[in-house]
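First comes the structure, then the notes that go with it.
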Amino acid sequence: MTDWVADELGVSKDDASALRNKYWLEHGTTLSGMMRLHGTDPLPYLTYVHDIDFSVLAPDPALRDAIGALDGRKIVFTNGSAPYAQQVLIARGLSGLFDAVYGIEHAGFHPKPSAQAYAEILTQDNMHAREAAMFEDDPRNLEVPHQLGMKTVHVAPQKDAHTAPYVQHHTDDLTGFLQKLSR
């Protein structure tokens, strides 16, 4: 991302890194800040930043089984693109488990934690927030789902556990957490 921002704006890598972080904090994603402040076309950006080596990701049969054992509709909603999310799911051996995969493009390029992003996805999926749970590694992205009535789960190492009232559960073991839910 830093290289792309540096090239796009003609700034040093240090300046690009600072802008990338600032835009992520202030706009939800670097892309959102670039779009709002610089008129950036999102598609070249997403193509560039998602051109990565997926071979470093390994299948996780236990996680696959834990997700598969859950009742109800399961979706992915990412601030990345849907094709990127699909590639991650394939690399992790999780493809075919989810009823839908939504990327930032499905949310009109409004990123989490924007309320508009969640509204777009809930509408497209015909989902009722009070019947859903949101699993997220960035605690900022759990506040709006909690306000909407979703159950919220922060997935992160214990040292990064977030104690805000909108974080209802924390786990550093997603597989184990899901296994307990399906018992």
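1 is the number of the first residue of the sequence shown in my numbering; add one for each residue after it. C-beta: ideal position from N, C-alpha, C; glycine also.
Next on the checklist: With a threshold of 6 Å on Cβ separation, who are the neighbours of Tyr84 within its own chain once the five nearest residues in sequence on each side are excluded?
Outcome noted: His50
Item to check | Cβ-Cβ distance between His154 and Asp137 below 9 Å | outcome: yes
Checklist entry - Just to confirm, are His128 and Leu142 a CB contact at a threshold of 9 Å? => result no
Item to check | Through-space distance from Met150 to Tyr45, alpha-carbon basis | outcome: 31 Å
Checklist entry - Quick one: what's got a C-beta closer than 8 Å to Asp60's C-beta in the same chain, skipping five residues either side? => result Arg92, Gly93, Leu94 and Thr175
Checklist entry - Which word fits Tyr48, buried or exposed, when buried means at least 16 other C-beta atoms lie within 10 angstroms of its C-beta? => result exposed
Item to check | Distance between beta carbons of His106 and Gln124, contact taken as under 8 Å | outcome: 6 Å
Checklist entry - Fully enclosed by the region 108-158, which beta strand (DSSP E) runs are 3 residues long or longer? => result 133-136 and 151-155
Checklist entry - At what residues does the alpha helix (DSSP H) containing Val88 begin and finish? => result Ala82 to Ala91
Item to check | Member of Gln158, Ile90, Lys13 and Ala133 whose CA lies at the smallest distance from the CA of Phe54 | outcome: Ile90
Item to check | C-beta contact flag for Ser182 and Ala69 at 9 Å | outcome: yes
Checklist entry - Which residues in the same chain have their Cβ closer than 7 Å to the Cβ of Ser81, if we skip the five residues on either side of it in sequence? => result Leu46, His50, Gly103, Ile104 and Glu105
Checklist entry - Looking at C-alpha atoms only, which residue of Leu178, Ala115, Phe135 and Asp15 is the closest neighbour of His27? => result Ala115
Next on the checklist: Checking the sheet assignment: what are the DSSP bridge partners for Thr171?
Outcome noted: Val155
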